[in-house]
Every structure is written in structure tokens, then in C-alpha cells.
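**Q**
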Amino acid sequence: ILTGLFLAMHYTSDISMAFSSVAHICRDVNYGWLIRNMHANGASFFFICIYLHIGRGLYYGSYLYKETWNVGVVLLLLVMMTAFVGYVLPWGQMSFWGATVITNLLSAVPYVGDMLVQWIWGGFSVDNATLTRFFAFHFLFPFVIAAATLVHLIFLHESGS
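Going by UniProt numbering, the sequence shown opens with residue 1, and the numbers climb by one from there.
1. Cα-Cα, which of V73, L131 and W69 is closest to W91?
2. Quick one: measure Cβ to Cβ for residue 180 and R36, integer angstroms, because I've assumed they're closer than 8 Å.
3. DSSP on G122, reduced to helix/strand/coil?
4. Quick check: what's the CA-CA separation for N70 versus R27?
5. Taking 8 Å as the threshold, find out whether the region 78–92 comes into contact with the region 41–50 through three or more Cβ pairs.
6. Just reading off the alpha helix (DSSP H) that S161 is part of, what are its end residues?
7. Report the three-state DSSP secondary structure of G32 (helix, strand or coil).
8. Please classify S13 as buried or exposed, where buried requires at least 16 other C-beta atoms within 10 Å of its C-beta.
9. Got a sec, what are the start and stop residues for the alpha helix (DSSP H) W69 sits in?
10. Using a Cβ-Cβ cutoff of less than 8 Å, which residues in the same chain neighbour F155 once the five nearest sequence positions on both sides are dropped?
11. If we count the other Cβ atoms within 10 Å of its Cβ and call it buried at 16 or more, is Y11 buried or exposed?
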């Protein structure tokens, strides 16, 4: 969360300036390249820790504690969503394509899929509104994850762990 806060001080969520702001962070900000790499690699290591934690839970039968396990599943989904919207923030051409393809998967949701995709895009195509929403989600979700982690710990405490 700390590296993200420092990066957010210099990042611009506008499609014409996002890539330049990432270059600015890496080139002009003192140790900006290090902060960006710590942010990305720390997130990757966090996923490794989560997968090990899930594996431990499967091995020891923690899935029998349904509430705790379900909160953990919600946590995993939140972390995956946060990672996805963060991955598209540098907004190179591949990020643009990735945002289109992944968000289009939501169109498979019956009845509301197309409306859901258009809401996420902020219109009829991936554009500036999409990038602004993704930045807002990427900024807010870690705090939601921290709160859900506390709920996860409360359920663990109730089961005697």
C-alpha cells in the first residue's frame, strides 16, 4: 500500500498522459524506478504468499470452516481484480487491448452483461473514463482488502485459530 501511495503522487490517470507519467516516475522521481519495481514485484510475491496460504488451507482442511474460507475466496477475487486494474494503468497499446478483452468477458452475464461492460468502460469503448475508473478501483481496493482481511481474522479467531 505504501509504494502505491508514493506512485499515486506522480501518476496521471489520463490516456494521453498515463504512459508519460509512468516514464516520469521511472526517470525523474528519486528512486521512482525502485518504488515502481517494489510495487509490482511486491504484488507478485503477495500472490505467491496467497497461493501458499490456499495450499496450506487445502492440506489442513480449512475449507471446512465455511465462513472463513468464503471470506478468503472473496479476498482472492478482490486481490485479482486489484491486480488486473493495476496492470492496465500504464496504458500502453497492450493494456488498451487487455482492458477491452477482459472487460468484454462481462458481456456473458445474462441480461445485464452489455450494460455492465458499458458502465465499466464509461461509454461504448475503452477510453479516458475507463482509465479513471481503473485507477480509482486500484487505489481503493487495497483498503477494502485490508478490511476484509480483518473480517477473515475475526472468523479465524471464532474457530479458535
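We treat Cβ as the ideally placed atom computed from N, Cα and C, and that holds for glycine.
Since the model is a prediction, treat every value here as computed from it, not as a measurement.
**A** The answer reads as follows:
1. On the sequence shown, position 91 is the one that residue 91 refers to. Of the listed residues, the one whose Cα sits closest to W91 is L131.
2. Since the displayed the chain opens at 1 and closes at 161, residue 180 lies outside it and no answer follows.
3. Taking the first residue of the sequence shown as position 1, residue 122 is located at position 122. Residue state, collapsed to three classes: coil.
4. Reading the sequence shown from its first residue, position 70 is the one you call residue 70. Reading the sequence shown from its first residue, position 27 is the one you call residue 27. Cα to Cα, the separation comes out at about 43 Å.
5. Segment contact: the region 78–92 against the region 41–50, three or more CB-CB distances shorter than 8 Å; contact assigned.
6. Position 161 of the sequence shown holds residue 161. Run containing S161: none; DSSP gives neither H nor E here.
7. Mapped onto the sequence shown, residue 32 falls at position 32. Note: G32 maps to helix in three-state DSSP.
8. Here the question's residue 13 lines up with position 13 in the sequence shown. So S13 counts as buried.
9. Translated into the one-based positions of the sequence shown, residue 69 becomes position 69. Taken as a continuous stretch (DSSP letters only), the alpha helix (DSSP H) holding W69 covers K66 to Y87.
10. The sequence position of residue 155 within the sequence shown is 155, counting from 1. Excluding positions up to five away in sequence, the list reads Y65, E67, T68 and V71.
11. Locating residue 11 in the sequence shown gives position 11, counting from the first residue. Classification for Y11: buried.
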